[in-house]
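Engineer: One structure coming up, written as structure tokens, with questions to follow.
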Amino acid sequence: MADNEVTEHDVLGPFGAPVPGAEEAVQLKHDELNLFDATAVAVSSVAPAYSLAATVAAVAAVAFIHSPSIIIISFIPVLFIAYAYFHLNRKDPDCGASYSWLSKLMSPYVGWFNGWVQVATSAIFCVSAPILAGTYTLQFLNSIGWISASTSQDIWWASIAGAIWLAFITFICVYGIRWTTNFQWILVMIEYAVVIGFSLWGIIKVAVTHPAGSTGFHIGWLNPMTVFHDGGFNSIAVGLTLGVFFFWGWDTAVNLNEETKDATKTPGRAGVLAMWLLLLVFLMNFIAIQMLVPQSEIQTQGTGVLTYFANRAFGGHWAGYIMIFAVLSSTVATTQTTLLPSARIAYSMARDRVFPRVFGQIHSKFLTPALGTVVLAFFSLFGILLSTGVHSVNDLLNKLVGDIGILVAFYYGVTGIACAWGYRKVAFEKVGFFFMGILFPLLSGFVLLFVGFWIMKSDVGYALPDIVILGLGIPLTIIARLTTKGDFFKTKTIAYTSID
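Numbers given in our numbering equal positions in the sequence shown, counted from 1, plus 113.
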């Protein structure tokens, strides 16, 4: 037997957790998703209705009437990160995605650290999103007279409702990828029909009837330079962090690559396609809200801004009920499609024998990382219970959204740089590839990393959870190295020698 050969008996994961080789016989279900399925998962992961409900008021507080330009500013670097994912996935369709690529192209230590950041980010999100789902559930119950207004605003009851939603979502994730995708199709159709339909009607209403408090569209809203002129670089940085959160999630399609048909091409295409669809939806809704609702009212509505907009657009509470349902479905969808990739990343790390064994087990019938999914859900449930001590839902969500944006900017940024580095030997083979696979992902990566660093430096208290997660990643990486027998951390990095 070769000196570096790893056997079932000498393989230990972090904290001494063995991973029996027999478990490798059971794998994720292959060739299950097509391009339309993958795109549906990508766009539902971003969840426009949820993102808008959670973030519109915060963006308006930073950029005021220039809020639509924040969407454009954020779209540009994230789009080129999506292209980086496309090119990296063509070479290595691993469900660990960024974790796996960084481990092979930059350093196993960087890869492990990045995998930790992604799993931690997903866990934080699976705290905030179910709470918003619980909040909208209570709002709906209050609107039909089943509970009082005070109960609908109680964060304790919102947390309980959120925990119930998290349990339901976890069950579907465990039961199988086809069930999950079919459920996503239903939720995507609901939220997109409502968000796009209401946005179009809001724009038409202002153009035709000019209701009180409305304003006509101004092309200057789409000019990113106005944000810099009015608020300086700090406004750009904060807005970009919020905007990154807006677009975060399309990479779920890539984390499902091992369960997708034509795994080297379909997931990456789905991610890029989702980005363009999302740009259209976000801009349309931002413009519609800004035309119909005065700025001062947008900022005071918090997470209820979409419901408020719907009521103003149609002049009746029934529209608000529909929007509540759309945001609720969107929030449930994005919670599910955040739990999905985190379980796949953890599974990929456990499969490489550098993460606890529990995350590497595939259910023999459902062909999903069932036990690891449940464990991650329990971590999020614990966070939901802790959140009951927060003063209000709006305060909690505003804080968590900013924290998540910084962490996403980090791992997106590192992935963009890794793409340029991995393809460095073939950078000049094709002009188009040089720009789309090397230069723009590289620049986008540096921009996102710089923005995240700027926010953490400018407001340490605001970014404290990010500092804790990033700081904790260092000793955890060391522990993983010390407790793992095998060659993962000794692996020499590679560079691609061809584009295709």
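Just so it is clear, CB atoms sit at the ideal spot from N, CA and C, and this is done for glycine as well. Nothing here was measured: the structure is a model prediction, and the numbers come from that model.
#1: Report the start-end ranges of each alpha helix (DSSP H) in the stretch 571-611 that is 4 residues or longer and not cut off at the edges.
#2: Per DSSP, which one or two residues make a beta bridge with residue 379?
#3: Out of 177, 443, 537 and 355, which one is the CA nearest neighbour of residue 201?
#4: At what residues does the alpha helix (DSSP H) containing residue 436 begin and finish?
#5: Enumerate in chain order the residues of its own chain whose CB-to-CB distance from residue 264 is below 8 angstroms, with the five nearest sequence positions on each side excluded.
#6: Which residue wins for smallest C-alpha separation from residue 414, given the options 427, 484 and 165?
#7: If we ignore side chains and look at the alpha-carbon of each, how far apart do residue 545 and residue 195 end up?
#8: Beta carbon of residue 245, beta carbon of residue 444: below 8 angstroms?
#9: Nearest CA to the CA of residue 576: which residue from 513, 540, 558 and 360?
#10: Three-state secondary structure (DSSP) at residue 480?
#11: Please name the residue in 531, 499 and 470 whose C-alpha comes closest to that of residue 486.
#12: Go through the stretch 247-329 residue by residue and report every complete run of the alpha helix (DSSP H) that reaches 4 residues or more, in order.
#13: Where residue 535 and residue 597 are concerned, what is the direct C-alpha to C-alpha distance, given to the nearest angstrom?
#14: Whole-angstrom Cβ separation of residue 540 and residue 551, contact assumed at under 8 angstroms?
#15: Have a look at residue 466 and residue 161 and give me their C-alpha separation to the nearest angstrom.
#16: With a Cβ-Cβ cutoff of 8 angstroms, do residue 435 and residue 307 count as a contact?
#17: What does the alpha-carbon distance come out to for the pair residue 419 and residue 220?
#18: Please report how far the alpha carbon of residue 118 lies from the alpha carbon of residue 226, in whole angstroms.
#19: Rounded to whole angstroms, what's the CA-CA distance from residue 140 to residue 214? Just pull it up for me.
#20: Could I get the ranges of all uninterrupted alpha helix (DSSP H) runs contained in the stretch 183-243, with 4 residues as the minimum, in chain order?
#21: Measure from the alpha carbon of residue 190 to the alpha carbon of each residue in 379, 397 and 358, then state which is nearest.
#22: Could you have a look at residue 146 and say whether DSSP puts it in helix, strand or coil?
#23: Alpha carbons only, please: which of 472, 480 and 149 is nearest the one belonging to residue 490?
#24: Could you pull the start and end residues of the alpha helix (DSSP H) that residue 332 belongs to?
#25: According to the neighbour-count rule (16 or more other Cβ atoms, all chains shown, within 10 Å of its Cβ), is residue 259 buried or exposed?
#26: Note the first and the last residue of the continuous alpha helix (DSSP H) segment covering residue 372.
#27: Mind the definition here: the stretch 385-401 touches the stretch 589-605 only if three or more C-beta pairs lie below 8 angstroms; say whether that holds.
#28: Rounded to whole angstroms, what's the CA-CA distance from residue 468 to residue 593? Just pull it up for me.
#29: Using the rule of at least 16 other Cβ atoms within 10 Å of the residue's Cβ for burial, across every protein chain shown, is residue 499 buried or exposed?
#30: Spatial neighbours of residue 282 within its chain, please: CB distance less than 7 angstroms, with the 5 preceding and 5 following residues excluded, ordered by chain position.
#31: Do residue 234 and residue 564 have their CB atoms nearer than 8 angstroms?
#32: DSSP three-state call for residue 362: helix, strand or coil?
#33: Along the alpha helix (DSSP H) that carries residue 161, what are the first and last residues, could you check?
#34: I'd like to know whether the C-beta atoms of residue 492 and residue 236 end up nearer to each other than 8 angstroms.
Structural biologist: In short:
#1: 577-596
#2: Its beta-bridge partners do not exist; DSSP assigns none.
#3: Among 177, 443, 537 and 355, the Cα nearest to that of residue 201 is on 537.
#4: 430-464
#5: 251, 255 and 270
#6: 165
#7: 16 angstroms
#8: Yes, Cβ-Cβ distance for residue 245 and residue 444 is below 8 angstroms.
#9: Relative to residue 576, the option among 513, 540, 558 and 360 whose CA is nearest is 513.
#10: coil
#11: 470
#12: You should have 262-265, 268-288 and 290-322.
#13: The C-alpha of residue 597 is placed about 26 angstroms away from the C-alpha of residue 535.
#14: 5 angstroms
#15: Answer to the nearest angstrom: the Cα atoms are 36 angstroms apart.
#16: yes
#17: 44 angstroms
#18: Low per-residue confidence applies at residue 118: pLDDT is 37, beneath 50, and the placement is therefore not dependable, though the value from the model is reported in the following sentence. Their backbone Cα atoms lie some 25 angstroms apart in a straight line.
#19: Between residue 140 and residue 214, the alpha-carbon positions lie close to 20 angstroms from each other.
#20: 211-218
#21: 358
#22: strand
#23: 472
#24: Careful: residue 332 lies outside any alpha helix (DSSP H) and carries neither H nor E.
#25: exposed
#26: Here residue 372 belongs to no alpha helix (DSSP H), and DSSP marks it neither H nor E.
#27: no
#28: 7 angstroms
#29: Exposed.
#30: 445, 448, 449 and 452
#31: no
#32: DSSP places residue 362 in coil when its eight states are reduced to three.
#33: Residue 161 -> alpha helix (DSSP H) spans 161-176.
#34: Their beta carbons are under 8 angstroms apart, which means residue 492 touches residue 236 by this criterion.
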